[in-house]
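**Student:** Provided herewith is a single structure, encoded as C-alpha cells, for subsequent inquiry.
Number of protein chains: 2
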Amino acid sequence: MVKITDVARHAGVSPSTVSYALSGKRPISEETRQRIEDSIRELGYRPHAGARALASSRSNVLALVVPLRAGIHVPVVMQFAVSVVTTARRHDHDVLLLTQEEGEDGLRRVADTALVDALIVMDVQLHDRRLPLLRALDRPSVLIGFPAEPDGLTCIDLDFQAAGEVCVEHLAGLGHRVIALVGSPPEVYVRETGFAQRVVRGFTAAADRHGLSSSVHPCEAEPAAARQVAEQLLRERPALTGVVVHNEPVVEPLIDAFEQLGLRVPGDLSVTAICPDELAARVRVPVTSVAIPSAEVGTGAVELLMKKLGGASAPEATLLPPRLTVRESTGRRP
Amino acid sequence: MVKITDVARHAGVSPSTVSYALSGKRPISEETRQRIEDSIRELGYRPHAGARALASSRSNVLALVVPLRAGIHVPVVMQFAVSVVTTARRHDHDVLLLTQEEGEDGLRRVADTALVDALIVMDVQLHDRRLPLLRALDRPSVLIGFPAEPDGLTCIDLDFQAAGEVCVEHLAGLGHRVIALVGSPPEVYVRETGFAQRVVRGFTAAADRHGLSSSVHPCEAEPAAARQVAEQLLRERPALTGVVVHNEPVVEPLIDAFEQLGLRVPGDLSVTAICPDELAARVRVPVTSVAIPSAEVGTGAVELLMKKLGGASAPEATLLPPRLTVRESTGRRP
DNA sequence: TTCCCTCGTCGAAGCGCTTCGACATCACGT
DNA sequence: ACGTGATGTCGAAGCGCTTCGACGAGGGAA
Numbered sequence: 001m002v003k004i005t006d007v008a009r010h011a012g013v014s015p016s017t018v019s020y021a022l023s024g025k026r027p028i029s030e031e032t033r034q035r036i037e038d039s040i041r042e043l044g045y046r047p048h049a050g051a052r053a054l055a056s057s058r059s060n061v062l063a064l065v066v067p068l069r070a071g072i073h074v075p076v077v078m079q080f081a082v083s084v085v086t087t088a089r090r091h092d093h094d095v096l097l098l099t100q101e102e103g104e105d106g107l108r109r110v111a112d113t114a115l116v117d118a119l120i121v122m123d124v125q126l127h128d129r130r131l132p133l134l135r136a137l138d139r140p141s142v143l144i145g146f147p148a149e150p151d152g153l154t155c156i157d158l159d160f161q162a163a164g165e166v167c168v169e170h171l172a173g174l175g176h177r178v179i180a181l182v183g184s185p186p187e188v189y190v191r192e193t194g195f196a197q198r199v200v201r202g203f204t205a206a207a208d209r210h211g212l213s214s215s216v217h218p219c220e221a222e223p224a225a226a227r228q229v230a231e232q233l234l235r236e237r238p239a240l241t242g243v244v245v246h247n248e249p250v251v252e253p254l255i256d257a258f259e260q261l262g263l264r265v266p267g268d269l270s271v272t273a274i275c276p277d278e279l280a281a282r283v284r285v286p287v288t289s290v291a292i293p294s295a296e297v298g299t300g301a302v303e304l305l306m307k308k309l310g311g312a313s314a315p316e317a318t319l320l321p322p323r324l325t326v327r328e329s330t331g332r333r334p
Numbered sequence: 001m002v003k004i005t006d007v008a009r010h011a012g013v014s015p016s017t018v019s020y021a022l023s024g025k026r027p028i029s030e031e032t033r034q035r036i037e038d039s040i041r042e043l044g045y046r047p048h049a050g051a052r053a054l055a056s057s058r059s060n061v062l063a064l065v066v067p068l069r070a071g072i073h074v075p076v077v078m079q080f081a082v083s084v085v086t087t088a089r090r091h092d093h094d095v096l097l098l099t100q101e102e103g104e105d106g107l108r109r110v111a112d113t114a115l116v117d118a119l120i121v122m123d124v125q126l127h128d129r130r131l132p133l134l135r136a137l138d139r140p141s142v143l144i145g146f147p148a149e150p151d152g153l154t155c156i157d158l159d160f161q162a163a164g165e166v167c168v169e170h171l172a173g174l175g176h177r178v179i180a181l182v183g184s185p186p187e188v189y190v191r192e193t194g195f196a197q198r199v200v201r202g203f204t205a206a207a208d209r210h211g212l213s214s215s216v217h218p219c220e221a222e223p224a225a226a227r228q229v230a231e232q233l234l235r236e237r238p239a240l241t242g243v244v245v246h247n248e249p250v251v252e253p254l255i256d257a258f259e260q261l262g263l264r265v266p267g268d269l270s271v272t273a274i275c276p277d278e279l280a281a282r283v284r285v286p287v288t289s290v291a292i293p294s295a296e297v298g299t300g301a302v303e304l305l306m307k308k309l310g311g312a313s314a315p316e317a318t319l320l321p322p323r324l325t326v327r328e329s330t331g332r333r334p
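As they're listed, the protein sequences go chains A and B. Anchor point for the first sequence: position 191 equals 191 in the UniProt record's numbering, and the numbering is continuous, going up by one each time. Anchor point for the second sequence: position 64 equals 64 in the UniProt record's numbering, and the numbering is continuous, going up by one each time.
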C-alpha cells in the first residue's frame with residue numbers, strides 16, 4: 001500500500017505538505033502542488049479512510065435510515081436514496097445504509113463509534129421515539145418529514161399543506177364548486193406521519209377561501225374501500241364534480257369505481273392526486289397530480305447536512321413547494 | 001469521548017487486555033472479562049471505528065452497488081438491499097451504498113481507501129466492464145448474476161434455467177402439450193444479463209424432455225406488445241394451452257389480452273410466470289409463479305463474503321433453486 | 001525435579017493520517 | 001532601514017485502537 005510518506009518522498013516534500021496540498025487547508029505553491037499531484041498519480045496513492053477519520057475526526061460518511069414499514073411506496077424510497085448518494089458524492093461523502101429495524105441503537109452506534117459524521121432519518125413519525133436521541137447526539141441530523149415538535153431539529157419535506165391547497169386551487173380555477181378529499185386510511189390521521197393532516201388543512205383552507213363546498217373522506221388502501229367511498233359520494237353529494245385523492249393505492253381503483261358508476265373522468269368528474277409522478281402517469285387516465293419530489297428532498301437533506309457540518313446553522317423547517325402537473329383527469333366543470 | 005484507556009483504567013487492567021476481551025483473540029479470565037464489561041457499560045464506551053480500522057485494517061463495512069438502469073424492478077432491489085443490510089449486521093458489519101453511476105472508479109475508490117472490506121455488485125452484465133477490476137482488487141467480492149466468464153469470481157443468483165424447467169414441468173404435469181414462452185424484450189437476449197437466455201434454455205430443454213411442442217417469443221415490455229404476442233399465438237398456435245411469462249411488466253397485460261381474445265385463464269389457458277411474488281400475487285388473476293428470491297440472494301451474498309473474509313474459499317457459482325408457488329392461473333388441460 | 005506448554009496479562013510499537021507550532025522567506029508600507 | 005503580515009514548508013505530536021513479544025504462574029509429562 002502506498003502511503004502519504006511515499007508520496008512525500010517521491011515529491012521531495014514532507015508528509016504534512018502533501019496533506020495540506022490535498023486538503024487545501026494551508027497555501028501551497030503552485031509548483032509543489034503540481035509535483036505532489038504528479039507523484040500521487042504516478043504512485044496511485046489513495047489516502048486510507050480509517051487513518052483519515054482517526055486523525056481528522058471526520059469519516060466523510062453519512063448515515064441514511066430507510067423505512068421498512070408496509071404502506072411505504074418503495075420506488076419513492078429508492079429514488080430518494082439514490083439522490084442522497086449522488087448528492088453526498090458531490091460533497092465527497094459516502095452513504096451508510098441503515099434500516100429502521102436497527103432502531104435507536106443503530107443510530108447511537110454509528111454516531112458514537114464515529115462511523116458517520118451525520119444522519120438522515122426518513123419516515124419520521126409525529127411522536128418518533130428517535131427524536132430525543134437525535135437531539136442529544138453530538139452529530140447533526142436531518143429528518144424527512146415533520147414530527148409534532150420539530151424544535152431543535154432540522155426537517156425537510158414536501159409542503160403537504162400547500163399541496164392540498166394547490167389541488168383545490170386547480171379545481172376552483174376550472175370552475176368546480178363542490179369538491180371532496182379522499183384521504184388516507186383513518187389510522188393514519190391518528191398517529192403516524194402528520195402529513196395527512198396537513199393535506200386536510202390545506203384542502204379545507206383553500207376550499208373555504210374560494211367558497212367551495214368541501215368534504216373529507218378517509219379511505220382504506222383497498223379497491224373495495226375506494227368503491228364504497230365512490231358510492232357514498234354519489235349518494236351524499238350528487239353535485240360533486242371535483243375530487244382530490246391523497247392515498248396512492250386507491251387512485252386507480254377510485255377512478256375505475258367512478259366510471260363504473262357512470263361518471264366520466266374528466267367529463268363529469270375531475271380528479272387530482274397527491275402521489276408519485278410515476279404512479280400518476282401510468283394510470284389508465286393519467287392523473288393531474290402534485291408529485292412527491294423524492295429526488296429534491298434527498299438533495300435538500302444532504303445540502304442541509306453539509307451546511308451543518310460546515311458549522312453553519314440550518315433552518316428548522318424546509319418545505320418544498322408543490323408542483324402540480326396537469327394531465328388528463330381534470331377539466332372544466334360540466 | 002470515552003476511550004479504551006479510560007475503560008482500562010476503570011477496570012484496573014491494561015488497554016490491550018480490554019482489546020482482547022472485546023475481540024476474544026486471546027484468552028481472558030472470566031473474572032476480568034466481567035469487570036471490563038461492567039466498566040464498558042458504566043462508562044458507555046464505544047470503540048472508534050476509524051481507529052479500529054486503522055489498527056486492524058478491517059473497516060467492517062461492505063459496499064453494495066445498486067443498479068439504476070431502467071427496466072429494473074425497484075422493489076426487488078430494495079428488498080435485496082434490506083436483506084443485505086440485515087445479514088451484514090448479524091455479522092457485525094455495516095453497508096455502504098454505492099450507485100452504478102459511480103462505476104469502476106467508485107469501486108476502486110472504496111476498495112483502495114480501505115473504506116470497505118468487501119463488495120457486493122448487483123446487476124452484473126454478461127460482459128461487465130467491472131469484471132477485470134473486481135478480479136484485480138485485493139478485496140473479496142460477490143456478484144449478483146452471472147457474467148459470461150465467471151472464472152475467479154464468486155457469483156450468486158436464482159437458477160434461472162431451473163426456473164424455466166420448473167414452469168414447464170408444472171404445465172406438463174397438468175397435461176399441457178403445447179406451450180409457449182413469452183420472454184423479455186429482444187435486446188435483452190443480445191447483451192445484458194444472460195439470465196434471459198438461461199430461462200429459454202431451461203424452458204426448451206424441459207419441453208423437449210417431456211415431448212411438448214414449444215415456442216419462444218420475445219416481447220417488448222409494453223401492454224400493446226403483449227396484445228400483439230397474444231394475437232400472434234392464437235393465430236399461429238391454436239392448440240396452445242400453456243404459457244410461461246418471463247417479462248414482469250407484461251404479465252398482467254398479457255392475461256388481459258388473452259381474456260379479451262376469448263380465452264379464460266386458467267379455464268382455456270394456463271399461465272405461469274417468473275417474477276417477484278409480490279407482482280404475481282396482486283394481478284387480477286393471481287399467477288402461478290417462480291419467485292425472484294431477493295432476500296435469499298442478499299443473505300447468500302453476505303454469507304459468501306463473510307466466508308471469504310474469514311479466509312475460507314467460496315464456490316464460484318451459487319445457484320438458488322427455484323420455488324414454484326401455485327396460484328390461480330394454472331389448471332389441467334381443458 | 002526439570003522442561004515445556006498454556007493461560008492471562010502487560011507494555012510498547014505501530015497503523016496512516018492531520019494539525020499545530022515554528023521557522024524562513026518575501027513583499028510591503030513607513 | 002525595519003517591523004509586519006502573508007506565504008510556504010517542515011517536524012513532531014498525536015488520533016484511539018490492535019497486535020506482537022514478553023513474562024510470570026500454574027500444570028503435566030518426562
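Glycine residues also receive a C-beta, built at the ideal position from the N, C-alpha and C atoms. Model, not experiment: these values are computed from the prediction.
When you check each C-beta in the UniProt domain "HTH lacI-type" (2-56) of chain B against every C-beta of chain A, which residues fall closer than 7 Å?
**Tutor:** Correct list: R46, P47, H48, A49, G50, A51, A53 and L54.
**Student:** Any beta carbon from chain A within less than 7 Å of P322/B's own beta carbon?
**Tutor:** The residue labelled residue 322/B in the question sits at position 322 within the second sequence. Answer no: the Cβ-Cβ gap between P322/B and chain A never drops below 7 Å.
**Student:** Check whether the Cβ of G94/A lies closer than 7 Å to any Cβ atom in chain B.
**Tutor:** Mapped onto the first sequence, residue 94/A falls at position 94. One point to set straight first is that residue 94/A is Asp, not Gly, in the sequence displayed. Answer yes: the Cβ-Cβ gap between D94/A and chain B drops below 7 Å somewhere.
**Student:** I'd like the ranges of any alpha helix (DSSP H) spanning at least 4 consecutive residues and lying wholly in the UniProt domain "HTH lacI-type" (2-56) of chain B.
**Tutor:** Taking only runs of at least 4 residues, the alpha helix (DSSP H) segments lying wholly in the UniProt domain "HTH lacI-type" (2-56) of chain B are 4-11, 15-23, 30-43 and 49-56.
**Student:** Using the beta-carbon count (16 or more within 10 Å), is A257/A buried or exposed?
**Tutor:** Residue numbering aside, residue 257/A sits at position 257 when the first sequence is read from its first letter. The residue in question, A257/A, is buried, as its Cβ has 16 or more Cβ neighbours within 10 Å.
**Student:** Where R108/B and A281/B are concerned, what is the direct C-alpha to C-alpha distance, given to the nearest angstrom?
**Tutor:** Position 108 of the second sequence, counting from 1, holds the residue named residue 108/B. Position 281 of the second sequence, counting from 1, holds the residue named residue 281/B. Distance between the alpha carbons of R108/B and A281/B: 41 Å.
**Student:** Mind reading off the beta-carbon distance from T99/B to E303/B? Whole number of angstroms is fine, and I expect it under 8 Å.
**Tutor:** Taking the first residue of the second sequence as position 1, residue 99/B is located at position 99. Taking the first residue of the second sequence as position 1, residue 303/B is located at position 303. That pair is no contact at about 24 Å.
**Student:** What residue from V190/B, V110/B and H170/B has the CA that sits closest to V287/B's CA?
**Tutor:** Your numbering for residue 287/B matches position 287 in the second sequence. The shortest Cα separation from V287/B among V190/B, V110/B and H170/B belongs to H170/B.
**Student:** Check whether the Cβ atoms of A221/A and P185/A sit closer than 7 Å, and answer yes or no.
**Tutor:** Sequence index remark: in the first sequence, residue 221/A carries index 221 (1-based). Sequence index remark: in the first sequence, residue 185/A carries index 185 (1-based). Taking 7 Å as the Cβ cut-off, A221/A and P185/A qualify as a contacting pair.
**Student:** Among T204/A, C155/A, D159/A and T193/A, whose alpha-carbon lies nearest the alpha-carbon of V178/A?
**Tutor:** Here the question's residue 178/A lines up with position 178 in the first sequence. For V178/A, the nearest C-alpha among the options comes from T204/A.
**Student:** Can you tell which of R264/A, E252/A and P147/A has its C-alpha closest to the C-alpha of V157/A?
**Tutor:** The residue given as residue 157/A occupies position 157 in the first sequence. At residue 157/A the sequence reads Asp, which differs from the Val that was named. Closest by alpha carbon: P147/A.
**Student:** Taking its Cβ as the centre, do 16 or more other Cβ atoms sit within 10 Å of G164/B, making it buried, or is it exposed?
**Tutor:** The count along the second sequence starts at 1 and reaches residue 164/B at position 164. Buried is the call here.
**Student:** Secondary structure at G106/B, three-state DSSP: helix, strand or coil?
**Tutor:** By 1-based counting over the second sequence, the position of residue 106/B is 106. Looking at G106/B - three-state DSSP - the assignment turns out to be helix.
**Student:** What does V85/B reach in chain A if we use C-beta pairs closer than 8 Å?
**Tutor:** If you number the second sequence from 1, residue 85/B lands on position 85. Those are L97, L98 and T99, listed as they occur along chain A.
**Student:** Would you mind sorting R26/A into buried or exposed? The rule is 16 or more other CB atoms within 10 Å of its CB.
**Tutor:** In the first sequence, counting from the first residue as 1, residue 26/A sits at position 26. That one is exposed.
**Student:** Near A111/B, which residues of its chain fall below 8 Å by C-beta distance, leaving aside the five closest residues on each side in sequence?
**Tutor:** Residue 111/B sits at position 111 when you count from the first residue of the second sequence. Once the five neighbours on either side are set aside, the close Cβ partners of A111/B are A63, L119, L137, D138 and R139.
**Student:** Does chain B have any CB closer than 7 Å to the CB of L234/A?
**Tutor:** Looking up residue 234/A in the first sequence gives position 234. So, not an interface residue.
**Student:** Under 7 Å Cβ-Cβ, which residues of chain B neighbour H112/A?
**Tutor:** As a working note, residue 112/A is residue 112 in the first sequence. It should be noted that the sequence gives Asp, not His, for residue 112/A. Under the 7 Å cutoff, chain B gives R46.
**Student:** When the Cα atoms are used, what is the spatial distance from G262/B to L234/B?
**Tutor:** For the purposes of this step, residue 262/B is taken as the residue at position 262 of the second sequence. For the purposes of this step, residue 234/B is taken as the residue at position 234 of the second sequence. If you take the alpha carbons of G262/B and L234/B, they lie about 10 Å apart.
**Student:** Do we get a CB-CB distance below 7 Å when we pair L119/B with the residues of chain A?
**Tutor:** Translated into the one-based positions of the second sequence, residue 119/B becomes position 119. It does not: the Cβ of L119/B has no partner Cβ on chain A nearer than 7 Å.
**Student:** For the alpha helix (DSSP H) holding H170/A, just list the boundary residues, first then last.
**Tutor:** Position 170 of the first sequence, counting from 1, holds the residue named residue 170/A. F160 to G173 is the span of the alpha helix (DSSP H), which, as asked, contains H170/A.
**Student:** Taking the straight line between their C-alpha atoms, what separation do you get for Q232/A and L96/A?
**Tutor:** Reading the first sequence from its first residue, position 232 is the one you call residue 232/A. Reading the first sequence from its first residue, position 96 is the one you call residue 96/A. Going from the Cα of Q232/A to the Cα of L96/A covers about 48 Å.
**Student:** What residues match up with I274/A in a beta bridge as DSSP calls it?
**Tutor:** The sequence position of residue 274/A within the first sequence is 274, counting from 1. For I274/A, which the question treats as bridged, DSSP gives the partners V290/A.
**Student:** Going along the chain, which residues of its own chain have a beta-carbon closer than 8 Å to the beta-carbon of E187/A, five neighbours each way excluded?
**Tutor:** Against the first sequence, residue 187/A aligns to sequence position 187. Cβ within range, chain order: n/a, list empty.
**Student:** Determine, for P186/B, whether the minimum Cβ-Cβ distance to residues of chain A falls below 7 Å.
**Tutor:** Sequence index remark: in the second sequence, residue 186/B carries index 186 (1-based). No - not a single Cβ of chain A is within 7 Å of the one on P186/B.
**Student:** Against chain A, with Cβ distances strictly below 7 Å, would V200/B count as a contact?
**Tutor:** As a first step, residue 200/B is located in the second sequence; it is residue number 200 there, counting from the start. It does not: the Cβ of V200/B has no partner Cβ on chain A nearer than 7 Å.
**Student:** From A21/A to A162/B, what does the alpha carbon distance come to, in whole angstroms?
**Tutor:** Indexing the first sequence from 1 puts residue 21/A at position 21. Indexing the second sequence from 1 puts residue 162/B at position 162. Those two C-alpha atoms are separated by around 57 Å.
**Student:** So T193/B and V121/B are in contact, right, with Cβ under 8 Å, and what is the actual spacing, rounded?
**Tutor:** What you label residue 193/B is simply residue 193 of the second sequence in a count that begins at 1. What you label residue 121/B is simply residue 121 of the second sequence in a count that begins at 1. About 12 Å; that fails the 8 Å criterion.
**Student:** Quick one: which chain B residues come within Cβ less than 7 Å of V82/A?
**Tutor:** Your numbering for residue 82/A matches position 82 in the first sequence. Going along chain B in sequence order, the residues near V82/A (Cβ under 7 Å) are L68 and T99.
**Student:** So, helix, strand or coil for G320/B, using DSSP?
**Tutor:** Counting from one through the second sequence, the residue named residue 320/B turns up at place 320. Contrary to the premise, residue 320/B reads as Leu rather than Gly in this sequence. The answer is strand: DSSP assigns L320/B an E or B state.
**Student:** Using a Cβ-Cβ cutoff of less than 7 Å, which residues in the same chain neighbour D117/A once the five nearest sequence positions on both sides are dropped?
**Tutor:** Here residue 117/A is taken as the residue at index 117 of the first sequence, counted from 1. Excluding positions up to five away in sequence, the list reads R58, S59, N60, V61, L62, R139 and L309.
**Student:** Need the endpoints of the beta strand (DSSP E) that A207/A sits in, please.
**Tutor:** As a first step, residue 207/A is located in the first sequence; it is residue number 207 there, counting from the start. Taken as a continuous stretch (DSSP letters only), A207/A belongs to no beta strand (DSSP E), being part of the alpha helix (DSSP H) at F195 to R209.
**Student:** So what does DSSP say about S83/A, is it helix, strand or coil?
**Tutor:** Translated into the one-based positions of the first sequence, residue 83/A becomes position 83. In the structure shown, S83/A sits in a helix (DSSP, three-state: H, G or I).
**Student:** Quick one: which chain B residues come within Cβ less than 8 Å of M122/A?
**Tutor:** Against the first sequence, residue 122/A aligns to sequence position 122. Within 8 Å Cβ-Cβ: nothing; M122/A doesn't reach chain B, min ~13 Å.
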